[in-house]
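First to last, the sequence lines map onto chains A and B. Oh and the first sequence: position 183 is 188 in our numbering, straight run, nothing missing. Oh and the second sequence: position 35 is 40 in our numbering, straight run, nothing missing. Heads up, the beta-carbon is just placed ideally off N, CA and C, and yes, glycines get one too. Since the structure comes first, as structure tokens, the remarks are kept for the end.
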Amino acid sequence: MKLSKLPLLVQEEVLHNMSYTNLFLLSFLSRKVKKLIKSSQMNRSKMIDYIEYECDSQQEPFVQVFYKHDLYEELMVIAKNKDTHNEYIQLNVSGKMIDIQISDEYIKPIVRFQIDENEAVISSMHNSFLEFFGNSVEFRWKACGYNNCIPHLQNLKGCIKFSSHGANKETLENFFSSAPAFKWIDVSADGKTEPSDPESKFYQAESIQTLQLRNNSPDILSHFQGKQVVFKFGHCNFLDVISFVNRWKSGEAYHKLEYLMIEVFWDVFPQNEY
Amino acid sequence: MSSTEQGTSSAAPAEPTTAPESAAAPEVPESFYYVHGKDKVVHKVSAGALQHSALIHGMISNLGYTEEQAKANPFPFENIDGDILQMVVDWCNQHKGKPTPPEDTNLPKQKEKLFDLVLAVNYLEIKELLTYCCKQVAMMVKGKSPEEIREIWMIPTDAEDEAAEKEAKKRAGKEAAGETAAAAGDAK
Numbered sequence: 006m007k008l009s010k011l012p013l014l015v016q017e018e019v020l021h022n023m024s025y026t027n028l029f030l031l032s033f034l035s036r037k038v039k040k041l042i043k044s045s046q047m048n049r050s051k052m053i054d055y056i057e058y059e060c061d062s063q064q065e066p067f068v069q070v071f072y073k074h075d076l077y078e079e080l081m082v083i084a085k086n087k088d089t090h091n092e093y094i095q096l097n098v099s100g101k102m103i104d105i106q107i108s109d110e111y112i113k114p115i116v117r118f119q120i121d122e123n124e125a126v127i128s129s130m131h132n133s134f135l136e137f138f139g140n141s142v143e144f145r146w147k148a149c150g151y152n153n154c155i156p157h158l159q160n161l162k163g164c165i166k167f168s169s170h171g172a173n174k175e176t177l178e179n180f181f182s183s184a185p186a187f188k189w190i191d192v193s194a195d196g197k198t199e200p201s202d203p204e205s206k207f208y209q210a211e212s213i214q215t216l217q218l219r220n221n222s223p224d225i226l227s228h229f230q231g232k233q234v235v236f237k238f239g240h241c242n243f244l245d246v247i248s249f250v251n252r253w254k255s256g257e258a259y260h261k262l263e264y265l266m267i268e269v270f271w272d273v274f275p276q277n278e279y
Numbered sequence: 006m007s008s009t010e011q012g013t014s015s016a017a018p019a020e021p022t023t024a025p026e027s028a029a030a031p032e033v034p035e036s037f038y039y040v041h042g043k044d045k046v047v048h049k050v051s052a053g054a055l056q057h058s059a060l061i062h063g064m065i066s067n068l069g070y071t072e073e074q075a076k077a078n079p080f081p082f083e084n085i086d087g088d089i090l091q092m093v094v095d096w097c098n099q100h101k102g103k104p105t106p107p108e109d110t111n112l113p114k115q116k117e118k119l120f121d122l123v124l125a126v127n128y129l130e131i132k133e134l135l136t137y138c139c140k141q142v143a144m145m146v147k148g149k150s151p152e153e154i155r156e157i158w159m160i161p162t163d164a165e166d167e168a169a170e171k172e173a174k175k176r177a178g179k180e181a182a183g184e185t186a187a188a189a190g191d192a193k
């Protein structure tokens with residue numbers, strides 16, 4: 006069966022029925038095929054919201070395509086090389102030869118890297134994704150804890166959910182100072198553990214959700230520079246919150262803030278006392 | 006479900022067997038039309054089944070044939086192999102007046118047969134069946150490596166594409182030169 010012998014509209018319908026994983030692999034076959042994929046998948050690519058690297062503690066990210074209507078599809082996995090008997094195929098990805106494992110054992114292809122080549126492989130894959138999906142697509146790196154750094158890659162923003170309970174403050178500071186900009190941070194804070202630098206990328210995250218059961222962490226209230234913030238308090242120092250709202254309303258601070266939500270679980274917000 | 010009589014010539018279609026009708030037969034007698042492929046085997050198909058094909062449906066609407074005229078003038082589809090047309094007719098009969106299911110597992114697994122079916126269905130403009138066929142073609146390469154995909158779909162390399170393009174240009178140049186020479190000869 007020669008695909009190119011099918012009428013163009015039929016070729017496009019075939020491509021439309023393929024997963025992005027297969028289209029991505031198909032794009033390596035020739036410039037002509039790559040061009041066909043790009044031209045036929047324009048509407049589909051417009052539906053992409055972002056592409057996420059969901060990292061585990063081993064720094065082996067799942068790559069997933071998220072659509073605007075909340076659906077997503079898995080693209081591939083990038084993982085350490087293993088001594089398996091499965092044969093790897095090699096692909097020239099953005100000028101670097103990369104091992105890819107495609108087997109019935111796994112649903113998605115696995116891009117394999119040697120430990121010392123981790124960054125180079127991820128960077129090459131990222132460049133090929135940019136080329137394939139276009140430069141305007143947003144990428145997110147969903148970190149698993151703050152012990153491993155988030156790479157600096159084009160169009161990539163960080164995301165992290167963590168608890169600062171018992172956190173090493175220095176490790177946290179290093180994590181945020183070395184990271185790219187953040188899309189969102191979801192932090193369960195226990196006492197004052199936020200970075201001390203008001204210009205830390207922590208406070209510049211586009212969106213922060215913070216759960217603080219016992220004490221306010223007033224630094225978030227003081228230094229936040231993003232667009233959305235959700236405060237969930239157990240007990241609450243109301244003066245901090247009122248000062249936050251007043252500074253926002255008066256235009257003194259929080260110029261980018263578009264959305265604020267405050268939940269207080271155990272205290273009752275006093276009416277007309279301040 | 007076939008409504009075919011093997012070996013019937015298109016010039017003088019014999020009485021083909023009729024496809025079994027559903028239990029709830031329509032009150033108004035259904036009209037039938039006749040089609041044949043490359044093998045000249047004539048298939049009798051109801052207008053209801055043929056509604057799946059936008060091409061044939063359009064032809065029927067424009068012609069306004071009576072039963073007799075339809076029998077005497079089967080629609081010839083010389084570009085479609087007999088066995089492929091048989092598959093198409095069967096599919097149209099099976100899905101006559103029914104909503105099409107999201108999947109169709111009865112499509113041919115052999116890639117050459119599927120390829121011919123895709124071309125026929127595209128030509129006959131049977132939208133739902135074309136969608137199934139395209140899904141099936143896409144499934145052929147699921148979980149395959151790029152080189153396996155190249156082999157299955159016979160995708161040329163960049164070098165082969167370039168060589169083919171050069172060849173096509175050369176041929177076009179030769180043809181243009183030939184036409185110019187012929188025109189000059191005519192002028193003389």
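{"query": "Within 7 Å (strictly less), CB to CB, does Met-81(A) reach chain B?", "result": "no"}
{"query": "Quick one: Cα of Phe-140(A) to Cα of Lys-175(B), how far?", "result": "Just to set this straight, residue 140(A) is Asn in the shown sequence, not Phe. Roughly 38 Å separates the two Cα atoms."}
{"query": "Closer than 7 Å by beta-carbon distance: list the chain A residues that pair up with Trp-96(B), in chain order.", "result": "Within 7 Å Cβ-Cβ: nothing; Trp-96(B) doesn't reach chain A, min ~17 Å."}
{"query": "With a threshold of 7 Å on Cβ separation, who are the neighbours of Phe-167(A) within its own chain once the five nearest residues in sequence on each side are excluded?", "result": "Gly-150, Tyr-151, Val-192"}
{"query": "Span of the alpha helix (DSSP H) holding Trp-96(B)?", "result": "87-99"}
{"query": "In angstroms with no decimal places, state the Cα-to-Cα distance between Gln-233(A) and Ala-173(B).", "result": "59 Å"}
{"query": "Is there contact here, the stretch 249-261 of chain A with the stretch 225-240 of chain A, by at least three beta-carbon pairs under 8 Å?", "result": "yes"}
{"query": "Assuming the contact rule is C-beta atoms closer than 8 Å, Lys-37(A) and Leu-80(A) should be a hit. Round their C-beta distance to whole Å, please.", "result": "That belief does not hold up - the Cβ atoms of Lys-37(A) and Leu-80(A) are roughly 23 Å apart, past 8 Å."}
{"query": "So the beta strand (DSSP E) Gln-63(A) belongs to, where does it begin and stop?", "result": "It is not in any beta strand (DSSP E) - Gln-63(A) carries neither H nor E in the DSSP assignment."}
{"query": "Rounded to whole angstroms, what is the Cα-Cα separation between Ile-42(A) and Asn-67(B)?", "result": "38 Å"}
{"query": "Leaving out the 5 sequence neighbours to the left and right, which residues in its chain are closer than 7 Å to Ser-183(A) when beta-carbon positions are compared?", "result": "Cys-154"}
{"query": "Under 7 Å between C-beta atoms, does Asp-185(A) make it to chain B?", "result": "Reading off the sequence, residue 185(A) comes out as Pro, not Asp. Pro-185(A) does not count as touching chain B."}
{"query": "Is it right to say Val-273(A) is buried, meaning 16 or more other beta carbons lie within 10 angstroms of its own, or is it exposed?", "result": "exposed"}
{"query": "In this structure, how does DSSP classify Tyr-70(B) when only helix, strand and coil are distinguished?", "result": "coil"}
{"query": "Under 7 Å between C-beta atoms, does Asn-153(A) make it to chain B?", "result": "no"}
{"query": "With burial defined as no fewer than 16 other Cβ atoms inside 10 Å of the residue's Cβ, what is the status of Trp-271(A): buried or exposed?", "result": "exposed"}
{"query": "If contacts are defined as beta-carbon pairs under 8 Å, then Gly-102(B) and Gly-53(B) qualify, I think. What distance do you get, rounded to the angstrom?", "result": "6 Å"}
{"query": "Helix, strand or coil for Glu-3(B) per DSSP?", "result": "Any property of residue 3(B) remains undetermined from this structure, which presents chain B solely from 6 to 193."}
{"query": "Could you have a look at Asp-191(A) and say whether DSSP puts it in helix, strand or coil?", "result": "strand"}
{"query": "Under the three-state reduction of DSSP, which class applies to Thr-185(B): helix, strand or coil?", "result": "helix"}
{"query": "Check whether the stretch 122-134 of chain B and the stretch 152-170 of chain B are in contact - that is, three or more C-beta pairs closer than 8 Å.", "result": "no"}
{"query": "Check Ser-51(B) in the structure and name its three-state DSSP category.", "result": "strand"}
{"query": "With DSSP as the reference, label Cys-164(A) as helix, strand or coil.", "result": "strand"}
{"query": "So, does the CB of Val-146(B) fall closer than 7 Å to a CB anywhere in chain A?", "result": "yes"}
{"query": "Which same chain residues end up closer than 6 Å to Ser-45(A) when comparing Cβ atoms and leaving out the 5 residues on each side of it in sequence?", "result": "Glu-17, Leu-20"}
{"query": "Kindly indicate which three-state DSSP category Leu-216(A) falls into: helix, strand or coil?", "result": "strand"}
{"query": "CB-CB under 7 Å to Tyr-25(A), same chain, minus the five flanking residues each way: which ones, in chain order?", "result": "Val-70, Glu-78, Leu-80"}
{"query": "Taking the alpha carbon of Val-116(A) as the point to measure from, which residue in Ile-53(A), Pro-200(A), Pro-66(A) has its own alpha carbon closest?", "result": "Pro-66(A)"}
{"query": "Does any residue of chain B bring its CB to less than 7 Å from the CB of Leu-76(A)?", "result": "no"}
{"query": "Are the C-beta of Glu-107(A) and some C-beta of chain B separated by less than 7 Å?", "result": "The identity of residue 107(A) in the sequence shown is Ile, whereas the question assumes Glu. With 7 Å as the cut-off, Ile-107(A) counts as an interface residue toward chain B."}
{"query": "Grouping DSSP H, G and I as helix and E and B as strand, with all else coil, what is Met-64(B)?", "result": "helix"}
{"query": "Whole angstroms are fine: how far does the CA of Gln-106(A) sit from the CA of Phe-37(B)?", "result": "55 Å"}
{"query": "Output needed in chain order: residues of the stretch 186-210 of chain A with a Cβ under 7 Å from some Cβ in chain B.", "result": "none"}
{"query": "What residue range does the beta strand (DSSP E) around Tyr-38(B) cover?", "result": "37-41"}
{"query": "Identify every residue that forms a DSSP beta bridge with Asp-104(A).", "result": "Gln-95(A), Arg-117(A)"}
{"query": "Tell me Gln-69(A)'s beta-bridge partners as DSSP assigns them.", "result": "Glu-57(A), Glu-79(A)"}
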